[in-house]
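S.K.: I have a structure I would like to understand better, so I am pasting it below and will then ask my questions one at a time.
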Amino acid sequence: MIAGCLLLSFVMGSIHAFSLLLEPIETKFYVSRTFSSFTYSLSLISITAAVYFGSYIYKRFSPTRIVLIVMTLSTLGTLISAFSDSIYFVWIGYGLFFGFANGLGYGYTLQYSAIALPESKALMMGLVTASYGLGATIAPIFYRNTNTIGGFENTMISLTILFFIITFIVLFLFRFSNLQFDLEKGLPFQVKNYIPISKYLLWVIYGCSISAGLMCFGHAVGIAKSYYVSNEYIYIIPITMGFINMTGGVLFSSIIKFFPYKNIILFLSMLTTFLYSCVCL
């Protein structure tokens, strides 16, 4: 079952290599960077909506049905995008359908893995996050080859086939698991000496940090080109970002038990500010 969670999270992570799809979209549909990048923005909104409302869906359907929903929406979304003649259908297929399937699948694997091993929730959720990052690490290599062979259409068709195969394997793995979805078991562990903080303030802080990271993911290729990185090596940039994201998922799940979470967040914010300053100079 854990293998199924990691596999589903892995294939969903491919969405964050989107920066390699910007130019193929612009070439096929003759649209500006604003229109092409809005596809990624819309998919992120769909991911957020799926994660936010996911608990209501998870409690009403079995694990296999959840995977079937993810399979249907993701393959339908990429298939619509592959054969569309308008950027608006790409927004619907990739942005709405695949985006929602992505958030639904990722959110489910996070909670389901924690339920499977409640005594190691942080580790399991860290591994799922790392698997998501691994997908973002491998996807640029995949996109580079599919874009070269047949452009955006070929990439979407290839993704459709890949999603179908991977989700079918996950469906098979979940089919033999008798574990039921229990949200209470998937809740994060209680931190000792915890001082409550406004949930709204927490959402603002988390939202700002995530927005900054996703902007870098969505425009990684464009940022690299502004620094005159050769087209031959441009795909290495999103690979590096995905790898660091994967490493962070494993590292954070390992150190959260040994260091106060506030100190970790403070250190990360200082490190991020320093690195961004170095890039801007």
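Quick note on numbering: the sequence shown equals residues 9 to 289 in the numbering used here.
For each residue, glycine too, the CB sits at the ideal point set by N, CA and C.
Predicted, not measured: the structure shown is a model, and the values here were computed from it.
1. Determine the DSSP secondary structure at asparagine 153, reduced to helix, strand or coil.
2. Which of the three DSSP states, helix, strand or coil, is assigned to arginine 73?
3. State the DSSP-derived secondary structure class of leucine 81, mapped to helix, strand or coil.
4. If you follow the alpha helix (DSSP H) that tryptophan 291 is part of, which residue opens it and which one closes it?
5. Would you mind working out which of Thr154, Leu142, Glu161, Ala232 sits nearest glycine 101, comparing C-alpha positions?
6. Does the separation of the CB atoms of isoleucine 252 and valine 19 fall below 9 Å?
7. Here's the rule I'm using: 16 or more other beta-carbon atoms within 10 Å means buried, otherwise exposed. How should phenylalanine 180 be labelled?
8. Quick check on the DSSP output: what are the complete alpha helix (DSSP H) runs of length 4 or more inside the stretch 86–127, in order along the chain?
9. May I have the straight-line CA-CA distance separating leucine 222 from glutamate 127, to the nearest angstrom?
10. I'd like to know whether the C-beta atoms of phenylalanine 150 and serine 22 end up nearer to each other than 9 Å.
11. Please classify proline 268 as buried or exposed, where buried requires at least 16 neighbouring CB atoms within 10 angstroms.
12. Could you tell me whether the stretch 94–111 touches the stretch 52–62, where touching means 3 or more Cβ pairs closer than 8 Å?
13. Going straight from the alpha carbon of lysine 200 to that of serine 262, what length do you get?
14. Let me know the secondary structure DSSP gives tyrosine 5 once reduced to three states.
15. On the criterion of 16 or more Cβ atoms from any shown chain inside 10 Å, does asparagine 155 qualify as buried, or is it exposed?
16. For the alpha helix (DSSP H) containing leucine 274, list its first residue and its last residue.
17. DSSP state of methionine 9, grouped into three classes?
18. Please work out which residues of its chain come closer than 8 Å, Cβ to Cβ, to arginine 152, disregarding the five sequence neighbours upstream and downstream, and give them in chain order.
19. What three-state label does DSSP hand asparagine 162 in the structure shown?
20. Do we get a CB-CB distance below 9 Å when we pair phenylalanine 182 with the residues of chain B?
21. Within 10 angstroms of the Cβ of serine 70, are there 16 or more other Cβ atoms? Answer buried if so, exposed if not.
22. What distance in whole Å lies between the Cβ atoms of leucine 15 and asparagine 177, which are believed to be in contact at a cut-off of 8 Å?
23. Taking the alpha carbon of phenylalanine 172 as the point to measure from, which residue in Leu81, Phe282, Arg73 has its own alpha carbon closest?
24. Mind checking phenylalanine 157: buried by the 16 CB within 10 Å criterion, or exposed?
25. On the three-state DSSP scale, how would you describe glutamate 240?
26. Give me the residue from Ser217, Gly134, Thr47 with the minimum Cα distance to isoleucine 273.
27. Between which residues of its own chain and alanine 25 is the CB-CB distance below 6 Å, once the five residues before and five after are set aside?
M.R.: In brief:
1. Here residue 153 corresponds to residue number 145 of the sequence shown, with the count starting at 1. Residue state, collapsed to three classes: helix.
2. Counting from one through the sequence shown, the residue named residue 73 turns up at place 65. Three-state DSSP puts arginine 73 in a helix.
3. Indexing the sequence shown from 1 puts residue 81 at position 73. Helix at leucine 81.
4. The structure shown does not extend to residue 291, since the chain spans only 9 to 289, so no value can be given for it.
5. On the sequence shown, position 93 is the one that residue 101 refers to. The residue with the shortest Cα to Cα distance from glycine 101 is Glu161.
6. Here residue 252 refers to the residue found at position 244 of the sequence shown. Here residue 19 refers to the residue found at position 11 of the sequence shown. No.
7. Taking the first residue of the sequence shown as 1, we reach residue 180 at position 172. Looking at its Cβ environment, which holds fewer than 16 other Cβ atoms inside 10 Å, phenylalanine 180 is exposed.
8. 95–98, 107–124
9. Along the sequence shown, one-based indexing puts residue 222 at 214. Along the sequence shown, one-based indexing puts residue 127 at 119. The alpha-carbon atoms of leucine 222 and glutamate 127 are separated by roughly 31 Å.
10. Here residue 150 refers to the residue found at position 142 of the sequence shown. Here residue 22 refers to the residue found at position 14 of the sequence shown. Yes, the pair counts as a contact, with Cβ atoms nearer than the cut-off.
11. Residue 268 sits at position 260 when you count from the first residue of the sequence shown. That one is exposed.
12. yes
13. The residue labelled residue 200 in the question sits at position 192 within the sequence shown. The residue labelled residue 262 in the question sits at position 254 within the sequence shown. The predicted model places lysine 200 with a pLDDT of 49, which falls under 50 and marks its position as unreliable; any figure quoted below should be read in that light. Whole-angstrom Cα-Cα distance: 17 Å.
14. This structure leaves residue 5 out entirely; the chain is present only between 9 and 289.
15. Mapped onto the sequence shown, residue 155 falls at position 147. The residue is buried, with at least 16 neighbouring Cβ atoms inside 10 Å.
16. Your numbering for residue 274 matches position 266 in the sequence shown. Residues 269–288.
17. Residue 9 sits at position 1 when you count from the first residue of the sequence shown. Methionine 9 falls in the coil class under three-state DSSP.
18. For the purposes of this step, residue 152 is identified with residue 144 of the sequence shown, where counting begins at 1. If we look at arginine 152 and ignore the five residues flanking it on each side, its Cβ neighbours are Leu28, Tyr243.
19. To locate residue 162, count along the sequence shown from 1; it is residue 154. Helix, per DSSP.
20. Included in the structure is just one protein chain, with no chain B present.
21. To locate residue 70, count along the sequence shown from 1; it is residue 62. Exposed, by the Cβ-count rule.
22. In the sequence shown, counting from the first residue as 1, residue 177 sits at position 169. In the sequence shown, counting from the first residue as 1, residue 15 sits at position 7. Residue identity differs from the one stated: residue 177 is isoleucine in this sequence, not asparagine. About 6 Å separates the two Cβ atoms, so the contact holds.
23. The count along the sequence shown starts at 1 and reaches residue 172 at position 164. Comparing Cα positions, the closest option is Leu81.
24. As a first step, residue 157 must be located in the sequence shown, where it is residue number 149. Going by the sequence as given, residue 157 is isoleucine instead of phenylalanine. Exposed, since its Cβ has fewer than 16 Cβ neighbours within 10 Å.
25. Within the sequence shown, residue 240 is the residue found at index 232, counting from 1. Of the three classes helix, strand and coil, the one that applies to glutamate 240 here is coil, per DSSP.
26. Along the sequence shown, one-based indexing puts residue 273 at 265. Residue Ser217 is the option with its Cα nearest to isoleucine 273.
27. Counting from one through the sequence shown, the residue named residue 25 turns up at place 17. Answer for alanine 25: Ala144, Ala147, Pro148, Tyr151, Pro246, listed in chain order.
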